[in-house]
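To start, the structure itself, in structure tokens.
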Amino acid sequence: MTNISIFSYIYSVANIVIIGGGAAGCFCAAVLSTLRPGWNITVLEAGKRPMAKLAVTGGGRCNITNTFEGTESLQLVYPRGYNLMKKALGRFGWRDCLEWFAGRGVAFTIQPDHCVFPESQDAMQIVHVLENEMKRGGVHVQCDSKIYSLDQINPRPDAIVITTGGGTAEILSCTGLSIEDPVPSLFTFKIDDSGIKELMGTVVQDVTLGIAGTKFRSHGTLLLTDWGISGPATLRLSSYAARHLAQNGYKGSLLVNWLGLSIDEASSMLSGLSKSSGRTIANSHPSALTDRLWRMLVSRAGIRPDCRWDELGSKGLARLLNVLCSDTYAITGRARFKEEFVTCGGVSLSEVNPATMEARSFPGLFFAGEVLDIDAVTGGFNLQAAWSTAWIAAHSIAEKY
Ligand SMILES: Cc1cc2nc3c(=O)[nH]c(=O)nc-3n(C[C@H](O)[C@H](O)[C@H](O)COP(=O)(O)OP(=O)(O)OC[C@H]3O[C@@H](n4cnc5c(N)ncnc54)[C@H](O)[C@@H]3O)c2cc1C
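Right, here's the structure in full:
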């Protein structure tokens with residue numbers, strides 16, 4: 021008796037259809053085929069080949085996960101889905117992900133910013149591992165197979181896993197499951213300001229950004245560009261405020277705290293600088309700001325470049341502190357970050373049992389990956405969500421059938 025027939029004897033052979041051959045779908049198929057060899061597992065992929073997006077993640081290097089070491093709270097990483105992800109990471113976290121791929125020959129490198137990449141710096145290595153695992157497990161991958169409605173899947177398999185990625189939840193219209201409207205996340209901001217544009221390429225560390233009139237705030241590195249602003253702090257703000265900005269046509273008032281300090285902290289820092297009272301303000305700048313940026317901010321505060329610290333006066337100091345800690349710019353639109361983005365929205369998490377990834381009202385219908393209303397800031401967290409949810413779906417299907 022072969023291994024397959026032993027398993028077929030212990031477990032009846034189940035038919036499983038996975039719709040969407042991306043990171044989540046292929047990982048789910050690979051894990052399930054290891055757990056239940058001999059099962060009939062089919063991946064239906066709309067495109068010409070599976071995992072086309074995975075192949076270009078991280079600029080072709082694949083930021084596969086993150087050690088979460090720099091993470092203050094999971095809510096700051098997963099603005100949508102942090103409760104579910106807390107449970108999911110407890111079952112299949114970043115270490116489990118690395119162990120799974122390491123067991124299949126992938127070595128990893130962990131960057132100082134806690135992002136994890138394959139040592140080969142090649143996303144295709146991850147794609148090939150998943151392809152090989154699916155092949156070894158006898159998974160049927162059918163490309164050019166776009167599914168428009170679940171009614172198309174005939175005869176009904178034992179379980180269907182939806183892993184169609186962001187903005188694809190319309191496939192579920194026949195189910196009546198509630199869907200959070202999909203809107204883009206992880207974008208950069210257009211700002212029509214000549215001062216910013218002239219300083220394109222300038223990097224400022226430890227900036228706090230916000231949207232005026234809201235509680236959305238982000239902290240980190242800011243990059244000035246020829247269209248406005250980019251960099252980690254901008255991408256994070258776009259993620260936190262994704263739905264708010266979509267509802268407001270990507271217009272709003274951007275708050276910039278250039279030093280990431282409170283008014284009191286900034287005031288005592290300036291009083292240190294002003295000790296050199298004979299010097300002009302333009303010539304003695306906080307170390308966190310470049311000479312050119314400082315001059316631009318001094319000018320925004322309406323202060324002459326040749327003004328000395330001892331000439332500034334309390335009103336001038338108040339204006340300077342206001343620009344440093346609460347500068348404002350009009351956001352005129354959104355722009356792409358390289359070609360990367362994720363979708364905020366998807367299948368409402370109230371519809372899904374987080375322990376199994378099965379729809380509460382549709383037994384046999386499972387979800388994993390970006391089709392769910394889960395998304396993260398940049399840093400490998402989005403792929404980790406795909407791995408964790410796909411692993412849970414695969415294990416619960418293996419146990420159920
Ligand atoms: C350019 C880019 C770079 C990125 N880099 C990173 C990174 O380095 N690290 C990170 O953590 N995240 C990254 N992300 C985000 C990450 O790629 C996604 O979060 C992740 O791919 C989601 O996996 P998924 O399987 O849920 O969806 P997808 O990878 O989008 O896969 C969904 C699949 O389903 C197929 N499909 C869709 N509709 C249907 C249908 N109706 N019928 C059949 N098939 C269908 C699609 O063709 C696709 O192959 C990046 C995103 C982009 C766009």
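Just remember that this note's numbering sits 20 ahead of the position in the sequence shown, which is counted from 1. All C-beta atoms in this analysis are idealised placements derived from N, C-alpha and C, irrespective of residue type, glycine included.
Any idea which residues DSSP pairs residue i with across the strands?
{"i": "residue 272", "result": "351"}
{"i": "residue 357", "result": "360"}
{"i": "residue 239", "result": "228"}
What whole-angstrom Cβ distance do residue i and residue j have, given they're in contact under 8 Å?
{"i": "residue 352", "j": "residue 212", "result": "5 Å"}
{"i": "residue 43", "j": "residue 74", "result": "5 Å"}
{"i": "residue 228", "j": "residue 264", "result": "Incorrect: roughly 17 Å between the Cβ atoms, too far for contact."}
{"i": "residue 183", "j": "residue 384", "result": "In fact, because the Cβ distance is near 15 Å, the residues do not count as touching under 8 Å."}
{"i": "residue 41", "j": "residue 161", "result": "6 Å"}
{"i": "residue 372", "j": "residue 313", "result": "No, residue 372 and residue 313 are not in contact; Cβ-Cβ is about 46 Å, not under 8 Å."}
{"i": "residue 300", "j": "residue 326", "result": "5 Å"}
{"i": "residue 114", "j": "residue 137", "result": "With 8 Å as the limit, residue 114 and residue 137 do not qualify as a contact, their Cβ atoms being about 13 Å apart."}
{"i": "residue 269", "j": "residue 252", "result": "With 8 Å as the limit, residue 269 and residue 252 do not qualify as a contact, their Cβ atoms being about 25 Å apart."}
On a CA-only basis, which of the options is nearest residue i? Give me that one, please.
{"i": "residue 255", "options": "355, 124, 314 and 197", "result": "355"}
{"i": "residue 171", "options": "193, 184, 126 and 153", "result": "193"}
{"i": "residue 204", "options": "66, 217, 164 and 395", "result": "395"}
{"i": "residue 307", "options": "323, 226, 158 and 379", "result": "226"}
{"i": "residue 281", "options": "342, 315, 248 and 252", "result": "342"}
{"i": "residue 338", "options": "283, 173, 367 and 324", "result": "283"}
{"i": "residue 57", "options": "157, 45 and 259", "result": "157"}
{"i": "residue 363", "options": "259, 334 and 277", "result": "259"}
In this structure, does DSSP put residue i in helix, strand or coil?
{"i": "residue 76", "result": "helix"}
{"i": "residue 128", "result": "strand"}
{"i": "residue 252", "result": "helix"}
{"i": "residue 283", "result": "helix"}
{"i": "residue 205", "result": "strand"}
{"i": "residue 386", "result": "strand"}
{"i": "residue 32", "result": "coil"}
{"i": "residue 378", "result": "strand"}
{"i": "residue 161", "result": "strand"}
{"i": "residue 174", "result": "coil"}
Beta carbon of residue i, beta carbon of residue j: below 7 Å?
{"i": "residue 286", "j": "residue 344", "result": "yes"}
{"i": "residue 102", "j": "residue 109", "result": "no"}
{"i": "residue 232", "j": "residue 273", "result": "yes"}
{"i": "residue 206", "j": "residue 361", "result": "yes"}
{"i": "residue 369", "j": "residue 104", "result": "yes"}
{"i": "residue 375", "j": "residue 51", "result": "no"}
{"i": "residue 187", "j": "residue 202", "result": "yes"}
{"i": "residue 238", "j": "residue 257", "result": "yes"}
{"i": "residue 404", "j": "residue 85", "result": "yes"}
{"i": "residue 402", "j": "residue 178", "result": "no"}
{"i": "residue 134", "j": "residue 196", "result": "no"}
{"i": "residue 189", "j": "residue 173", "result": "no"}
{"i": "residue 290", "j": "residue 230", "result": "no"}
Is the closest heavy atom of ligand 3 to the C-beta of residue i under 6 Å?
{"i": "residue 184", "result": "Absence of ligand 3 is noted for the structure shown, with ligand 1 being the only ligands found."}
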